[in-house]
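Participant:
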Amino acid sequence: MKRFFIAALAGLLSTVPVHGQSNVATKDGDTAQLRALDTITGAVRDLEVRVGETVDYERLSIALKECRYPADNQAADAFVYLVIKDVREETPRFEGWMIASSPALSALEHPRYDVWVLSCNTSDE
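Quick look at the structure:
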């Protein structure tokens, strides 16, 4: 089942340009709106993260590498490349693309925390 989702994600992201390539399908954003959940306490926090910035949420370190959205409709979806690391561990818990419209397609696997994408924004809004 997981292989199917990975194949579907790869197919979807093949339409998203690699950094540095021009493509009219998507545009780059400056910031991403993320939502973080502590599943033990039920506490939810919205995070605004700039591209290239790393923010901390409890024991997680969340780095935003890229943020993209459909060129013709910014509110339609968001595609963000994140690296999420539990500060107590060496390797990242998640590294890859998250898609706002399909949060379960490529999700953080952590026993306590959940993080998902809400939107991608630009400074000229």
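What the sequence shown shows, in this note's numbering, is residues 131 to 255, in sequence order.
Just so it is clear, CB atoms sit at the ideal spot from N, CA and C, and this is done for glycine as well.
Between the Cα of C197 and the Cα atoms of R189, E188, L212, V185, which residue gives the shortest distance?
Facilitator: Locating residue 197 in the sequence shown gives position 67, counting from the first residue. It is L212.
Participant: From this set, R189, L164, D160, T184, which residue's C-alpha is nearest H240's C-alpha?
Facilitator: Counting from 1 along the sequence shown, the entry for residue 240 is found at position 110. Checking every option, the nearest Cα to that of H240 belongs to R189.
Participant: Taking DSSP as the reference, what is the three-state secondary structure of I88?
Facilitator: Since the first residue shown for the chain is 131 and the last is 255, residue 88 is missing from the structure and cannot be characterised.
Participant: Would you call the region 207-221 and the region 177-194 in contact, with 3 or more CB pairs under 8 Å?
Facilitator: yes
Participant: Does the Cβ of G159 have 16 or more other Cβ atoms within 10 Å, making it buried, or fewer, making it exposed?
Facilitator: Looking up residue 159 in the sequence shown gives position 29. Buried: at least 16 other Cβ atoms inside 10 Å.
Participant: With a Cβ-Cβ cutoff of 8 Å, do A205 and K157 count as a contact?
Facilitator: For the purposes of this step, residue 205 is taken as residue 75 along the sequence shown, with counting starting at 1. For the purposes of this step, residue 157 is taken as residue 27 along the sequence shown, with counting starting at 1. Contact: no.
Participant: Across which residues does DSSP place T156 in a beta bridge pair?
Facilitator: The residue labelled residue 156 in the question sits at position 26 within the sequence shown. According to DSSP, which records beta bridges pairwise, T156 is partnered with P200.
Participant: Quick one: what does DSSP say L194 is sitting in, helix, strand or coil?
Facilitator: To locate residue 194, count along the sequence shown from 1; it is residue 64. In the structure shown, L194 sits in a strand (DSSP, three-state: E or B).
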